[in-house]
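There are 2 protein chains.
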Amino acid sequence: MKIRLFTPGPTPVPEKVMTRMADPILHHRTKEFSNIFTEVSEILKELFQTKEDVIILTSSGTGAMEAAVANHLNPGDEVLTIEGGKFGERWGELCEAYGVKAVRKAVPWGRAFTPDEMRETLEKKSDYKAVFLTHSETSTGAAIDLRKISEVIHAKSDALIIVDGITSIGAMPLKMDAWGLDVVITGSQKGLMIPPGLAFIALSRRALKAMEACRQPRYYFDLRKAVKSLQSRTTPFTPAVTLITGLLEALRMIQTEGLENVWKRHAILADSTRKAVRALGLELLADSPSNALTAVKIPELLLSAGIDGRMKAKGVIVAGGQSKLKGKIFRISHLGYYDIQDMFAAIGTLEEVLQEENWNFEPGTGVKILQTNYLRLIRK
Amino acid sequence: MKIRLFTPGPTPVPEKVMTRMADPILHHRTKEFSNIFTEVSEILKELFQTKEDVIILTSSGTGAMEAAVANHLNPGDEVLTIEGGKFGERWGELCEAYGVKAVRKAVPWGRAFTPDEMRETLEKKSDYKAVFLTHSETSTGAAIDLRKISEVIHAKSDALIIVDGITSIGAMPLKMDAWGLDVVITGSQKGLMIPPGLAFIALSRRALKAMEACRQPRYYFDLRKAVKSLQSRTTPFTPAVTLITGLLEALRMIQTEGLENVWKRHAILADSTRKAVRALGLELLADSPSNALTAVKIPELLLSAGIDGRMKAKGVIVAGGQSKLKGKIFRISHLGYYDIQDMFAAIGTLEEVLQEENWNFEPGTGVKILQTNYLRLIRK
Chain C
55 MKIRLFTPGP TPVPEKVMTR MADPILHHRT KEFSNIFTEV SEILKELFQT
105 KEDVIILTSS GTGAMEAAVA NHLNPGDEVL TIEGGKFGER WGELCEAYGV
155 KAVRKAVPWG RAFTPDEMRE TLEKKSDYKA VFLTHSETST GAAIDLRKIS
205 EVIHAKSDAL IIVDGITSIG AMPLKMDAWG LDVVITGSQK GLMIPPGLAF
255 IALSRRALKA MEACRQPRYY FDLRKAVKSL QSRTTPFTPA VTLITGLLEA
305 LRMIQTEGLE NVWKRHAILA DSTRKAVRAL GLELLADSPS NALTAVKIPE
355 LLLSAGIDGR MKAKGVIVAG GQSKLKGKIF RISHLGYYDI QDMFAAIGTL
405 EEVLQEENWN FEPGTGVKIL QTNYLRLIRK
Chain H
55 MKIRLFTPGP TPVPEKVMTR MADPILHHRT KEFSNIFTEV SEILKELFQT
105 KEDVIILTSS GTGAMEAAVA NHLNPGDEVL TIEGGKFGER WGELCEAYGV
155 KAVRKAVPWG RAFTPDEMRE TLEKKSDYKA VFLTHSETST GAAIDLRKIS
205 EVIHAKSDAL IIVDGITSIG AMPLKMDAWG LDVVITGSQK GLMIPPGLAF
255 IALSRRALKA MEACRQPRYY FDLRKAVKSL QSRTTPFTPA VTLITGLLEA
305 LRMIQTEGLE NVWKRHAILA DSTRKAVRAL GLELLADSPS NALTAVKIPE
355 LLLSAGIDGR MKAKGVIVAG GQSKLKGKIF RISHLGYYDI QDMFAAIGTL
405 EEVLQEENWN FEPGTGVKIL QTNYLRLIRK
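Protein sequence lines correspond, in order, to chains C and H.
Residues 55 to 434 in our numbering are what the first sequence lists, from first letter to last.
Residues 55 to 434 in our numbering are what the second sequence lists, from first letter to last.
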């Protein structure tokens, strides 16, 4: 059986990236690897839309989230975390682990915190050291209006703006410098189209300053070491060499397609997927959906049908719900290496399972809408 | 030009491990990956010679070293670190980063701290919370007698025994349970024959207890999370899936060869390399050499010859000296996926460079000794 990944990380890795990583291994202190590292670093800046360096860590995305907390906030500092899902909550947990006082603003899962709500929140109290945001919440498929929220924060507060861009970078516009973001992180197995094992973090000048004043214990994730090593185009500890080599191939693909076109492709696939799902009589979880993934509510009647398990059994690996959403939603990823032809597999298989369950819908509607909506949008 | 790696990490990755990692990527929360993870976990126990679980981290080896400090020692705790090279010093640095009071015992680089010296040291003071050791010091090529030193520590102190086995595991006998070691760590790009990106840490019952009493801030390297996840055969954060898949292939190779045979192969290659180097009129740095790598002193007359750079230019990538040994030694690795035929390339190329420098030796002596010593030892 052909297996197709529709999970929001790991996402499918392009064939030429996989084979590139099977090349004989390079030593990390050689000119050859240094050239790869330099080119990777340059393209990463473009991806983050920043002039600052992007630090590469060998860890999962959570490692970069921890680095964001452990390098910029001292015990006792007050911060605001916006928590509308499992990964938003992780910001709060990380702050607590490091003795940082987090005002943890809970948002119903699936709802995107709005710029107006941010304004109201900061009008009550604004002297936070940092505000922690999740651009695209992977557990709910909701995306915030990061540009406008950052504008509000800058107008009301001196807080550092720290952003989890794990499933947004490479999928949706995120403009670090233009939007005044201070710390932006992402992971490798998402829009960057390579296997898990690398995380990325970019720091503004303000963030670099805060880093120097930070007294938290840290070593492997001590970004001062990483910043220093970057001057000689290297990393303080042995990096995941093969993943970085693969990353170069993946980043070159993004460059060739053009970042704006990559964002547009994600927007079109996401919109078409959402319309197809709705055409099947299903509802989306997110009120403001991310272009990285589509979270679908499982209707009451189908709660015991095990939709995502049945799709998996047919080779289409979608993601189930996490934490309190377990069994209540399933998530279809269109993040990274996807085109419209891939999406037929996801929607077609979903239709197959729905038919087996005698769900009331016109067979073929999903793939039909997928096709027509896609063609309409790319011809615009 | 054919490139051959003789560096003590990354070490060469077997072809079938590389191609296995190029298979379509698996999602980490699937049965298929869970089976791989379970088999990997079982073989790792054998490699560490322990009945305890071996935790897999996505990081470099330093991440596991940090986890060892951050999960077992509180600020103000007094520990003893034995520092005979760059990696021994890292234990001291890590302790300092976490506010742990380290009595940092410096050993001349290249000398192996002896069981007698450990006895003397503990006779002066023995109430340390932990003793930090480096089994095989990668920066100098020296190996301690870990079995005897552990015996001495157990006789004199209740300290936890925390061991950097980064370049010893898979190269030399290390028996965690039998020798009473409490925390043992290693990395992936060493004796385990896979690319960098994974680290491993095993904990004794005593270490598990100390972990529960530890108050250090930690999250990504919080081993309590990892221990909990192991119960359901998984990891708390997305692991480096492709590296773990490759690891299974590599561990199966070790199992097929047999761990005792792997140790013996390393001992024979190391002994033959050392004898070949000496036959060329060169001296070893280490008084008690590791079987993972051979560190060679650069003679006064050849200090400006750039021996390691010239070998690299011929496709034989050896490692130079680190920190205070920069320019003074070069290091030939025989750690992991090596056989005697590989070692001819290292010694042959070294002879070539020495001849170009008019170094006084009988041409062909190195490879001759390599061959004769090897055949003598395997026929024993």
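C-beta atoms are modelled at their ideal positions from N, C-alpha and C, and glycine is treated no differently.
Interface partners of residue i on chain H, CB under 7 Å
i       : result
Q243(C) : T292
S114(C) : T112, F291, T292
I57(C)  : P78
V67(C)  : I79
T61(C)  : H81
G363(C) : Result: empty, since nearest Cβ-Cβ is about 11 Å, beyond 7 Å.
Three-state secondary structure assigned by DSSP to residue i
i       : result
E13(C)  : A question about residue 13(C) goes unanswered here, because the residues of chain C that appear run from 55 up to 434.
D504(H) : Coverage of chain H is limited to positions 55 through 434, which leaves residue 504(H) absent and any answer about it impossible.
K159(H) : strand
L187(H) : strand
T240(H) : strand
F384(H) : strand
D325(H) : helix
V154(H) : coil
E132(H) : strand
G224(C) : coil
R42(H)  : Residue 42(H) falls outside the range modelled here, since chain H spans only 55 to 434, and no answer is possible.
T112(C) : strand
L246(H) : coil
A359(H) : coil
P343(C) : strand
T348(C) : strand
S144(C) : According to the sequence shown, residue 144(C) is Arg rather than Ser. Looking at R144(C) - three-state DSSP - the assignment turns out to be helix.
Spatial distance of residue i from residue j (CA atoms)
i       : j       : result
D325(H) : N345(H) : 8 Å
K329(H) : V350(H) : 12 Å
V372(H) : I423(C) : 59 Å
K178(H) : A232(H) : 27 Å
I90(C)  : A209(C) : 40 Å
V238(C) : L98(C)  : 12 Å
S342(C) : V108(C) : 29 Å
E411(C) : K380(C) : 20 Å
V123(H) : T299(H) : 28 Å
S358(H) : K434(H) : 41 Å
T403(H) : I79(C)  : 20 Å
F60(H)  : D393(C) : 43 Å
G374(H) : L200(C) : 48 Å
L119(C) : F415(C) : Note on identity: in this sequence residue 119(C) is Met, with Leu being the wrong assignment. Answer to the nearest angstrom: the Cα atoms are 43 Å apart.
Integer-rounded CB distance, given that residue j should sit under 8 Å from residue i
i       : j       : result
G139(H) : E191(H) : 4 Å
H82(H)  : V217(H) : Rounded, the Cβ-Cβ distance is 29 Å, inconsistent with contact.
T221(C) : K202(C) : At roughly 19 Å, the Cβ-Cβ gap does not stay under 8 Å, so T221(C) and K202(C) are not in contact.
G63(C)  : G219(C) : Rounded, the Cβ-Cβ distance is 13 Å, inconsistent with contact.
T112(C) : L252(C) : 6 Å
M247(H) : L323(H) : Not quite, the Cβ-Cβ distance comes to about 14 Å (not below 8 Å), so this is no contact.
V154(C) : L127(C) : 5 Å
V331(H) : L339(H) : Their Cβ separation, rounded to whole angstroms, is 11 Å, which puts V331(H) and L339(H) out of contact at 8 Å.
Partner residues on chain C for residue i, Cβ-Cβ distance less than 8 Å
i       : result
T84(H)  : K366, I371
E120(H) : Y273, Y274
G390(H) : The premise fails here: G390(H) is roughly 11 Å from chain C at the closest Cβ pair, so nothing lies under 8 Å.
Residue i: contacting residues in chain C (beta-carbon distance under 7 Å)
i       : result
R272(H) : A151
G381(H) : Here the premise fails: no neighbours, minimum Cβ distance about 14 Å.
Closer than 8 Å at the beta carbon, the chain H residues around residue i
i       : result
E266(C) : Those within 8 Å of E266(C) in chain H number zero; the least Cβ separation is about 16 Å.
P64(C)  : I79, L80, H81, H82, T292, V295
Chain-ordered chain C contacts of residue i [CB-CB under 9 Å]
i       : result
M75(H)  : M72, M75, A76, P249, T296
T348(H) : None at all; the shortest Cβ gap to chain C is about 17 Å.
G360(H) : Within 9 Å Cβ-Cβ: nothing; G360(H) doesn't reach chain C, min ~15 Å.
Partners in chain H for residue i, counting only beta-carbon separations shorter than 9 Å
i       : result
G375(C) : Correct list: empty, because the minimum Cβ distance to chain H is about 12 Å.
G146(C) : Here the premise fails: no neighbours, minimum Cβ distance about 11 Å.
What residues in the stretch 148-164 of chain C bring their beta carbon closer than 8 Å to a beta carbon of chain H? Residues passing the 8 Å Cβ filter: L148, A151, Y152, G153.
Closer than 7 Å, Cβ to Cβ, to anything on chain C: give me those residues from the stretch 279-309 of chain H, in chain order. Correct list: F291, T292, P293, A294, V295, T296, L297.
When you check each C-beta in the stretch 126-144 of chain H against every C-beta of chain C, which residues fall closer than 7 Å? Correct list: empty, as no residue qualifies.
Note down, in chain order, all residues in the stretch 186-209 of chain C with a beta-carbon under 8 Å from any beta-carbon belonging to chain H. In summary, no residue of the stretch 186-209 of chain C has a CB separated from any CB of chain H by less than 8 Å.
Using Cβ-Cβ distances below 9 Å, what residues of the stretch 400-434 of chain C are close to chain H? The residues in question: there are none.
Interfacial residues, the stretch 212-229 of chain C to chain H, with Cβ spacing under 8 Å: Hits within the stretch: zero.
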